[in-house]
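So the sequence shown is numbered by my numbering: it starts at 875 and just counts up by one.
Just below is one structure, and these are the notes that go with it.
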Amino acid sequence: GASMPADAGGGGGAAGDDLSRLSVGELKKQLFWCGAAVPSGHLEKSDLVAAVKKAREEKAERDKHKAAEDEQKRKQEQEKRAEKAKADAARPCPRPLNYEQKQDKSSQDVVDLHVLSED
Numbered sequence: 875g876a877s878m879p880a881d882a883g884g885g886g887g888a889a890g891d892d893l894s895r896l897s898v899g900e901l902k903k904q905l906f907w908c909g910a911a912v913p914s915g916h917l918e919k920s921d922l923v924a925a926v927k928k929a930r931e932e933k934a935e936r937d938k939h940k941a942a943e944d945e946q947k948r949k950q951e952q953e954k955r956a957e958k959a960k961a962d963a964a965r966p967c968p969r970p971l972n973y974e975q976k977q978d979k980s981s982q983d984v985v986d987l988h989v990l991s992e993d
C-alpha cells in the first residue's frame, strides 16, 4: 500500500491522519486495493477515510485467513508435484516391449487362469 512516513508510527490515530492527507482519488484507490467497494452516493472525505480504515482491517483479517489457507494449498500442491514427479519418473521413455521379460509368479498365474477360462 502507501508508504507511511516514519513519524506516522504509533496509535491508530496516526493511520487516520495519514489517510486524511491523501486525495479522494488516492483513498478510492486504497479501497480498491483492499478489495472493498467504493461507497456510492455523495461522499465526504471523512467517509472515505473511515471506509479505507474499515477495509484495511477487514483485509488484514482476510489476509490472516488466506495466509493459513495458502499455506495448506501450498503443501497440497507440493505433495501433488512430488507425486507427479514420482509418476513421471516411473514412466520412462517408451521402449520396445520385451515379451521375454520374467514376471513374478502370482501375476503369471492370473494370466494362465485367464487363458484357460476362454476355452
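Ideal placement from N, C-alpha and C gives every residue a C-beta, glycine not left out.
Express the C-alpha separation of residue j and residue i in angstroms, rounding to a whole number.
{"i": "Ala-924", "j": "His-939", "result": "23 Å"}
{"i": "Leu-893", "j": "Glu-951", "result": "39 Å"}
{"i": "Gly-883", "j": "Lys-927", "result": "Confidence in Gly-883 is poor, its pLDDT being 39 and thus under 50, which makes the residue's placement unreliable; the coordinate value appears in the next sentence. Distance between the alpha carbons of Gly-883 and Lys-927 is about 15 Å."}
{"i": "Pro-970", "j": "Glu-953", "result": "32 Å"}
{"i": "Asp-962", "j": "Arg-955", "result": "10 Å"}
In the DSSP assignment, the alpha helix (DSSP H) including residue i goes from what residue to what residue?
{"i": "Gly-909", "result": "Here Gly-909 belongs to no alpha helix (DSSP H), and DSSP marks it neither H nor E."}
Go ahead and pull the three-state DSSP assignment for residue i.
{"i": "Leu-922", "result": "helix"}
{"i": "Pro-879", "result": "In this prediction, Pro-879 has a pLDDT of 48, which is less than 50 and means its spatial position is unreliable; what the coordinates show is noted afterwards. DSSP places Pro-879 in coil when its eight states are reduced to three."}
{"i": "Ser-854", "result": "Here the chain has residues from 875 to 993 only, and residue 854 is not among them."}
{"i": "Leu-917", "result": "coil"}
{"i": "Glu-957", "result": "helix"}
{"i": "Lys-905", "result": "A quick correction: the sequence has Leu, not Lys, at residue 905. In the structure shown, Leu-905 sits in a helix (DSSP, three-state: H, G or I)."}
Near residue i, what residues of its chain come up, given a Cβ to Cβ distance below 8 Å and the 5 sequence neighbours on each side ignored?
{"i": "Val-898", "result": "Leu-917, Lys-919, Leu-922"}
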